[in-house]
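In this note's numbering, the protein residues as written are -13 to 131.
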């Protein structure tokens, strides 16, 4: 364990891509980046324990504050992956893979007004783009200014 938290300043750069997986988990790398930034006081406009993070926490049935406390101890990505795997509901590698793939490819808010508005703002089609597509384009747009 390393008590020094290496955190991104999310007012200057985006968290890791929603497409990046750690330990087979969709969104975990991004959730870690946002959590570390909140702890360091550099979250920018990003939010930890947002609805997307809650989907990961709900899948594993883990508490966001317990996760944050573990991250705050300065653990590495690998140690956090192991913590996620060993806390909450037990999931097989196949269950994690299926959940992550479904979340990455099928999760669309195509009938959600907020999602439609965000896609429109970013020039995306809310019917053919997923939440991950929208987050990825929004990250690029946020720091292209």
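Glycine included, every Cβ here is placed at the ideal spot set by N, Cα and C.
| message | In the DSSP assignment, the alpha helix (DSSP H) including residue 90 goes from what residue to what residue? | response | 79 to 92
| query | Where do the N-terminal and C-terminal ends of the alpha helix (DSSP H) with residue 63 fall, by residue? | reply | 63 to 72
| query | Between the stretch 45 to 59 and the stretch 74 to 90, are three or more C-beta pairs nearer than 8 Å? | reply | yes
| request: Counting only the same chain and skipping the five closest in sequence on each side, list residues whose C-beta sits under 8 Å from that of residue 92. | output: 116
| said: So, at 8 Å on beta carbons, what are the nonlocal neighbours of residue 122 in its own chain, with the 5 sequence-adjacent residues on each side left out? | reply: 3, 4 and 5
| query | So what does DSSP say about residue 110, is it helix, strand or coil? | reply | coil
| query | So who's on the other strand from residue 8, going by DSSP bridges? | reply | 11
| said: Buried or exposed, going by whether 16 or more other CB atoms sit within 10 Å of the CB of residue 127? | reply: exposed
| query | Going by other Cβ atoms of all chains shown within 10 Å of its Cβ, with 16 needed for buried, is residue 88 buried or exposed? | reply | exposed
| If you pair each beta-carbon of the stretch 26 to 41 with each one of the stretch 98 to 112, do three or more pairs fall below 8 Å? | no
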